Amino acid sequence: MRSLFKSNRPSSDQRRIKRQPRKLSLQSLENRRVLAATIAAFEPSASGFTAEFSEQVNVDLLNLFDTQGQAAGAADVVLQGATTGEVRGSFVVDGTSLSFVASDGALAPDTYTATLRSAADAFTDLADGELLDGDNDGTAGGDYVTTFTVDAAAPVSVALPGIVRGPGQDLQTPDGADLQDGLPIQLSQSEGVTSVTMTIQYDPSMLDISDVQLGSDAPAGSQVIANLTVPGTATISFFSIDPLTADQTDFLQLIASVPEDATYGKSQVIHISDLDVNAGAMDSVANDSLQVVAYLGDVNGNERYDAEDARLVARVGVGLDTGFVYSDPISATPTNPLFPTIDPVLLGDVTGADGLSPLDSSDILRRVVGLPTPNLPEIPGDVDHAPSDISLSNATIIETAPISSTVGTLTSTDVDAGDTFTYTLVSGSGDTDNAAFVIDGDQLKTAVAFDFDTQSSYSIRVKSTDSSGLSVEKTLLITVTEANENSAPTAIALSDDSIDEAAPIGTAVGTLASTDPDAGDTFTYTFVTGEGDTDNASFVIDGDQIKTAEDLDFDTQPSYTVRVRSTDAGGLFFEQMFTITVTEAAENTAPTAIALSDDSIDEAAPIGTAVGTLTSTDANPFDTFTYTFVTGEGDTDNASFVIDGDQIKTAEDLDFDTQPSYTVRVRSTDAGGLFFEQMFTITVTEAAENTAPTAVALSDDSIDEAAPIGTAVGTLTSTDANPFDTFTYTFATGEGDTDNASFVIDGDQIKTAEDLDFDTQPSYTVRVRSTDAGGLFFEQMFTITVTEAAENTAPTAIALSDDTIDEAAPIGTAVGTLTSTDANPFDTFTYTFVTGEGDTDNASFVIDGDQIKTAEDLDFDTQPSYTVRVRSTDAGGLFFEQMFTINVTEAAANTAPTDITLSNDTIDESAPTGSVVGTLSAVDGDAGDTFTYGIVLVEGAGDTDNSAFVVEGDQLKTADELDYDTQSSYTIHFRATDAGGLSVEKTFTINVTETPANSAPTAITIDRDVVAAGQPVDTLVGSLGSVDPDTGDTFTYTIVADTSSDPDAFKIVDGNLVTNQSFDDAIQDMFSVDIQTEDAGGLTLTQTLEIMISEANVEPTAITITGSSVPANPSAGTSFGTLSTVDANTADSHTYTLVAGEGDTDNGSFEIVGNELKSTVDLDSSVQTSYSIRVRSEDRYGLSIEGVLTLDLETV
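Under full-length UniProt numbering, the residue at position 1155 of the sequence shown is numbered 1155, and the numbers go up by one with no gaps.
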């Protein structure tokens, strides 16, 4: 191709000569910021031009057109011909490159002026918002203006028409009233053309070219070959035996479609290169083409057709607007350009008439109401649409915001209502400051500390991925605002300053709030000494709440004074005194009503399921309640339920058909012993028939490549019409199972099974099966995205979970746990003490793993606080150091224990000496106190039976044998002494329960009464058992006599009857054995057992099934045939089971009932027609064989 263009833009030197002289001035390089974008290169093309920026520009406000009221602003890109006028076209910005493509194809010979507007609502620098430096003089501002000349049109030009098709649609062009397949490749001057070679370059995520065919004008004998093996490149070669004529312009056509996952609204320039016509003998040019991923006529971009599309097309068609604009009269920004950089004719020309007219609006309205519109392609109904935009609720943050502060909430625009989205920071255009932020769910949070003076604007690139894996990416700008100089708070307020004397310890009095000139400041509240601190010890501050620390008594002290300090984030503080008033508690009254939050339950609910929660109405606001079942009206079904705290739960299985409702009677007893009773009717609802789950969801489908093996990707949940169903998750074979082996399922979590590497494999697909408790299942494919690990950075902070310790704590007590803040989420840390500021008391402590522990005894009076310096070193060797102050608190004076408790005070008379009665514990106000338990004889009542028991550790045990008839209760006296020597004493009564009288066994059982002839001595015949009314009794078996010629034909070994000789069934085939069973109490029973001798047993040799196939799509419960066994012992019987092993792939879909094989789930012949199971057949003597059976379904 020859060059047809000549740039008329003066050089930088020439332009400077034409400018007025300027005064020379000096400016500090530190203060001078030359950050504005410039045009680094400009290149005309056959159908427009390409401009290259020096850095990325903000594309959010760019547009090509305006409204009638000129609310959208002037066009930001204009191409004007000196004689041909303004050129209609579209432009695409990709990174730092802008490409303008004329809608009418090749530019006519003329001189053209290209203008790129520099303004706040036009071209600005992406990084800091500076205006485009259009004249490249180092100062922001000034339009970029240049001219070029198209000398003459080439004899031949090759072009593609503009493409507007949505996800899942084929490329078609209007052909009268219908759409013809394919997109034509056209020649402008075809006469004399015999051969053409070219390369078409495109983005394969937006366009899928499957074939190149001869066009409607290609003459007979023409041939075309296309190489489509390289994604995004189509190399095409064509020849015709005879030269084309002037009217043979559509010589080729592309067969192509838009991928279903293409991003809606995205556009691209399709470039034709390496054009060669007639082996270079004919001059030629290639015209670029534009593609927009959108449904033709959907000009408001909501991925459907509606009357608003028709209205917008009509406004442009009659000249009210030059482009499509959404108008919202109640919004602060009432106009919003739609497809602002695309020629509106390209989007709205549904008739193919190369212009917008009432016919275009009419056709769109016909489609809206369902009338035929053959020139408009159908919108695929089952295509999941990608999100089209990302919004951030707030894009500013103050420089003093701590790390992990929320900037704003991310939302996505998506035509698929109810879709869910996962947000990630990704690399690409605008990702400069990704490392300064993290995304937590849908919230954008800070990952570093900000400084307005160092950097006031940040650029990040965010990806929104919907539940089907489709995504959109967008660059977002975050502005840091400057913080005012810190001022101290000026006042403290307490939301409430009165409290009821009956309020339990820990009740909140009120919430503290601070007045401070610094908006957004945070505050820490503490009690301090000073005027009004008299009663500080009676309360505690929990966050911003004052809570009680002791019981209050109106009669003893009706008011308290405390002194509170509010310290802001900068360490400045203000102090204030508060008076807290105690109000007198009302006299205790009984509760007046009981409520149950829910009184119905599904019959399928398992035992222990909560029906509802009980609450009581009582005039005493701080009263507490105990709930119990009681006898009285409505107590019929009390035994069917239990009360657990304040919940009624099921105590047995429910059955709607047997009993659809239950009545219970509940008593609510308050802390003072007053009560109220109420009857409730609990309704049982019928469980739905079991249905298969209908969907599987994964809570998170992305994971950092640095995550260690075993890290959870997300949690699986199932959608099922049966509310109490349970699910088992497994990986399954089928579409999407490519990477199953890279993960494991642990319960309901998918976890990594190998190391991940973003560069090697950025995404994985797995196929998961959810099987419900009834064996029905659903399968779903998931795509798991691997995110690139951030470069290792040093930790930025260290936290200590607690920085106070009691002076009485023994050496080795943990003060608190250390944690580190680090931008690398899976980093690990090693903690050490280091020298430096604050290391004064390092030697008084040790670091054990991530805990700081004491290394010496502490004494509040000698030293009330310690300082240590800690270093946190990450896995890459980078570190951060921080100083901590550890405060020692004064130990409270020792108080005596107040009570002794015994966990159990009853024991059965048959319990042997040394049996545990119960566990002892002591109640003491000194947290962490230890006790020495001793039984001592003391003067007074209660020590009568001390000698009958012993204490070992904290357990009370018997020292004598007990007899209910002789003595049914014992009194003993304890003393508990704490570590400080203070003690409490208490008397307990131990009750002896009577052991029921022993009963004799009533029958002897044996689980097998046949033994094969020829078996060796010690062959097992069967296991013996006894029937006895005494539950848990034990038995001893002996042979009393037998009727064989040899009195020792059998013997008993460990409760089993075994042979004592080898038998011959031809001589004797039946033996009678008298066996005696004796229980633990010495009572006996003798019973005769008949033992049969059968022919010599041999192992079965094969398993067969009647029939080998069943009709297509059998339902659950369908019989696949009867199992039988090949066995030389023809009279033998066999038991069949499904077993694990080779060939057991489909065991879970079947069950064996007797000797019949049945399916347990509905089977789908279109998915699978052959099933493999592994079966074991065991004869009555225990010999077995296993075999694999293949089952076939008939096809549909």
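Built from N, CA and C at the ideal position, the CB exists for glycine as well.
Since the structure is predicted, the reported quantities are computational estimates derived from the model, not experimental observations.
- As computed with DSSP, residue 183 is found in a beta bridge with 254.
- The C-alpha of residue 553 lies about 22 Å from the C-alpha of residue 527.
- If only uninterrupted beta strand (DSSP E) runs of at least 3 residues are considered, those enclosed by the stretch 1001–1086 are 1003–1006, 1010–1012, 1020–1027, 1035–1042, 1050–1053, 1056–1059 and 1070–1079.
- Between residue 895 and residue 982, the gap from beta carbon to beta carbon is short of 8 Å.
- Using a Cβ distance threshold of 8 Å, residue 583 and residue 498 count as a contacting pair.
- Distances from the alpha-carbon of residue 266 to those of 791, 194, 303 and 1179 put 303 closest.
- In the DSSP assignment, residue 315 falls within the unbroken alpha helix (DSSP H) covering 307–317.
- Non-local C-beta neighbours of residue 95 in its own chain, meaning closer than 8 Å and more than five positions away in sequence, comprise 56 and 429, ordered along the chain.
- Per DSSP, the continuous alpha helix (DSSP H) segment holding residue 348 begins and ends at 344–348.
- DSSP places residue 1154 in the coil class of the three-state scheme, outside both helix and strand.
- Taking C-alpha positions only, residue 356 is separated from residue 348 by approximately 7 Å.
- Using a Cβ distance threshold of 8 Å, residue 646 and residue 665 do not count as a contacting pair.
- If the five residues before and after residue 1178 are omitted, its C-beta is found closer than 7 Å to the C-beta atoms of 1134, 1135 and 1184, all from its own chain and listed in chain order.
- Within the DSSP secondary-structure output, residue 667 pairs in a beta bridge with 628 and 677.
- Residue 611 is a Cβ neighbour of residue 648, given a cutoff of 8 Å.
- In this structure, the CA atom of residue 659 is about 50 Å from the CA atom of residue 703.
- Taking C-beta separations shorter than 8 Å and ignoring five residues to either side along the sequence, the partners of residue 822 in its chain run 793, 794, 795, 796, 829 and 874, following chain order.
- A direct Cα-to-Cα measurement between residue 568 and residue 756 gives close to 44 Å.
- Look at residue 105 here: in three-state DSSP terms it is coil, with no helix or strand label.
- Annotation for residue 492: 512, 514, 564, 566, 574 and 576 place their beta carbon closer than 7 Å to its own, counting only its chain and skipping 5 residues before and after.
- Boundaries of the alpha helix (DSSP H) harbouring residue 364: 358–369, taken from the DSSP string.
- The residues 199 and 201, in chain order, have a CB closer than 7 Å to that of residue 233 in the same chain once the five nearest residues on each side in sequence are set aside.
- Residue pairing from DSSP places residue 292 in a beta bridge opposite 164 and 267.
- Per the Cβ contact rule, the stretch 725–745 is in contact with the stretch 770–785 (3 or more Cβ pairs under 8 Å).
- Between the alpha carbons of residue 1102 and residue 1187 lies a distance of about 7 Å.
- Comparing alpha carbon positions, the residue from 79, 710 and 720 closest to residue 745 is 710.
- In this structure residue 851 is not in contact with residue 819, their Cβ atoms being roughly 11 Å apart against a cut-off of 8 Å.
- Under DSSP, residue 746 takes part in a beta bridge, and its partners are 749.
- With fewer than 16 other beta carbons inside 10 angstroms of its own, residue 621 counts as exposed.
- Rounded to whole angstroms, residue 244 and residue 322 show a C-alpha spacing of 40 Å.
- The count of Cβ pairs closer than 8 Å, one atom from the stretch 247–254 and one from the stretch 177–191, reaches three, so the stretches are in contact.
- The beta carbons of residue 972 and residue 946 sit closer together than 8 Å.
- If you look at residue 117, you'll find it isn't in any beta strand (DSSP E); DSSP assigns it neither H nor E.
- In the DSSP annotation of this structure, residue 660 is not part of any beta strand (DSSP E), being labelled neither H nor E.
- Below 8 Å, enough C-beta pairs join the stretch 1087–1094 and the stretch 1064–1074 to call them touching: three or more.
- Approximately 6 Å separates the beta-carbon atoms of residue 457 and residue 477; this is inside 8 Å, confirming the contact.
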